[in-house]
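Have a look at the structure below, then the notes.
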Amino acid sequence: MSTALADRLRRRIALTGPITVADFMLEALAHPALGYYRRAPAVGAAGDFVTAPEISQMFGELVGAWLAERWMAIGQPARIRLVELGPGRGTLLVDALRATRGVPGFHAALDLHLVEIDDTLRALQHAALASSGRQAHSHTRFEDVPDDAPLLLIANEFFDALPIRQLVRAAPGWCERMIGLADDEAFAFAVAPGPSPLARLLDASVLADPPDGAVIEVSPAALSLVHAITERIMRQRGAALIVDYGYDDSSHGDTLQAMYRHTKIGIFDRIGDSDLTAHVDIAALARAVTQAGAAVDGPTGQGDFLRALGIEQRAQALRTRATPQQAADIDSAMARLIAPDRMGTLFRVLAVRDPLTPPAPGFAVAGMTCDPSSGPMP
Ligand code: SAH
55 MSTALADRLR
65 RRIALTGPIT
75 VADFMLEALA
85 HPALGYYRRA
95 PAVGAAGDFV
105 TAPEISQMFG
115 ELVGAWLAER
125 WMAIGQPARI
135 RLVELGPGRG
145 TLLVDALRAT
155 RGVPGFHAAL
165 DLHLVEIDDT
175 LRALQHAALA
185 SSGRQAHSHT
195 RFEDVPDDAP
205 LLLIANEFFD
215 ALPIRQLVRA
225 APGWCERMIG
235 LADDEAFAFA
245 VAPGPSPLAR
255 LLDASVLADP
265 PDGAVIEVSP
275 AALSLVHAIT
285 ERIMRQRGAA
295 LIVDYGYDDS
305 SHGDTLQAMY
315 RHTKIGIFDR
325 IGDSDLTAHV
335 DIAALARAVT
345 QAGAAVDGPT
355 GQGDFLRALG
365 IEQRAQALRT
375 RATPQQAADI
385 DSAMARLIAP
395 DRMGTLFRVL
405 AVRDPLTPPA
415 PGFAVAGMTC
425 DPSSGPMP
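In terms of our numbering, the sequence shown opens at residue 55 and continues consecutively.
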């Protein structure tokens, strides 16, 4: 299906030549009028994908407990910026706030900042927070969040929406994969003629002996964002929690995909109407953190993380006051979040902290739990 955005991109390529995969993603997702994330609330059962906080209140509650623990770990500062990148419908924050209202001093210290490009979602986020009696500041970019207090940051399914660039192994070396036009004006992949300087950003382990035609992905946008977050944490103290589907080994091939109404479609099929994402190279994000001098916890699978934070105990507490149908829903939501063949393994969790702060809960220490105060029924 040709969309208005597809026609624009075709004209652009015809005039100025093939574009990078990152340019293509940026237009498809963030074009000011026609981009996917500028036009429609895509998150939720009626949209194109369902995220962890929309599956169960337990996700946001446990993340809330994690954030409160980090606040305590850095000495309970009287004021802290709580930033969410891409808050979707605002569900995670609402659940996190409800679960932590019993933590003395925490809510009074919080100054909420939302980084969001979609105006419709911004309005939903403010409405959701208002119903919890909170106000927040919205920004288009993380860099616009004031930098004069410690930082707590959460990003769930945000990094997968950032543009990636792809490199293809060819005779001259790693060359950039481009998007051009075939003779019939259809979009088609092409390979830039010379090696790309981006190969410098790749981990040494993926450079050794790749087969011809191998594809690897680099996201300069994700790397520079993680670098900016880490620099703030180093300057002002704090912590960040990044959750996204991705891989830990930096050599995963082509992961660019389009989703339309819960179905995978071709990336050129409905440009601007479909969500375009790539798996996140979690190892590359972790390297960017340690290069900037901060410490990482993880990466670990979402299942192990949520279990370590006490999701099973939380589900048990919710079940005691549930009808049989509600109890079954709690169990199936938990399975969806933690089972290895659902979101438990594919979704990776990475935390950032300044080196003075002790390791975060949720990572690899068996038996450590952090049970949030009880909240209302689902
Ligand atoms: N975290 C939410 C939503 C994930 S979807 C949840 O878990 O439900 C991705 C979110 O990031 C959406 O809110 C989308 O509008 C926003 N977004 C995507 N690209 C963005 C960008 N470049 N800058 C700011 N927000 C962006």
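Glycine included, C-beta positions come from ideal geometry on N, C-alpha and C. A quick note: this is a predicted structure, and the numbers were derived from the prediction, not measured.
| Asked | Found |
| --- | --- |
| Does the segment 75 to 86 touch the segment 107 to 125, meaning 3 or more C-beta pairs lie closer than 8 Å? | no |
| Among Arg223, Ala418 and Gly71, which residue has its Cα nearest to the Cα of Asp266? | Arg223 |
| Taking three-plus beta-carbon pairs below 8 Å as touching, is the segment 105 to 115 in contact with the segment 389 to 400? | yes |
| Going along the chain, which residues of its own chain have a beta-carbon closer than 6 Å to the beta-carbon of Arg324, five neighbours each way excluded? | Met55 and Tyr314 |
| If you draw a straight line from the alpha carbon of Thr374 to that of Gln220, how long is it in whole angstroms? | 50 Å |
| Taking only heavy atoms of the ligand SAH into account, decide whether any of them is closer than 7 Å to the Cβ of Val137. | no |
| Helix or strand or just coil, what does DSSP make of Met313? | strand |
| Tell me whether Leu146 counts as near the ligand SAH, meaning its Cβ is closer than 7 Å to at least one heavy atom of that ligand. | yes |
| Measure the Cβ-Cβ separation of Thr284 and Val343 and say whether it is below 8 Å. | yes |
| Should Ile171 be listed as close to the ligand SAH, given that the test is whether its C-beta is under 7 Å from any heavy atom? | yes |
| Along the beta strand (DSSP E) that carries Phe241, what are the first and last residues, could you check? | Phe241 to Pro249 |
| Could you compute how far the alpha carbon of His193 sits from the alpha carbon of Ala282? | 15 Å |
| I believe Val199 touches His167 by the beta-carbon criterion, under 8 Å. Please report the beta-carbon distance rounded to the nearest angstrom. | 5 Å |
| Can you give the Cα-Cα distance for Asp408 and Arg124, rounded to whole angstroms? | 11 Å |
| Could you tell me the distance, in whole angstroms, from the CA atom of Gln380 to the CA atom of Phe401? | 25 Å |
| Return the chain-ordered list of same chain residues with a C-beta closer than 7 Å to the C-beta of Leu83, the five sequence neighbours on each side being excluded. | Gly89, Tyr90, Tyr91, Ala215 and Leu330 |
| Classify Pro426: buried if its beta carbon has 16 or more other beta carbons within 10 angstroms, exposed otherwise. | Residue placement at Pro426 cannot be trusted, given a pLDDT of 44 that sits under 50; the coordinates are not used to answer. |
| Relative to the ligand SAH, is the shortest distance from any of its heavy atoms to the C-beta of Tyr91 smaller than 7 Å? | yes |
| Excluding five sequence neighbours on each side, which residues of the same chain lie with their C-beta closer than 6 Å to the C-beta of Pro264? | Arg223 |
| Is it right to say Pro412 is buried, meaning 16 or more other beta carbons lie within 10 angstroms of its own, or is it exposed? | exposed |
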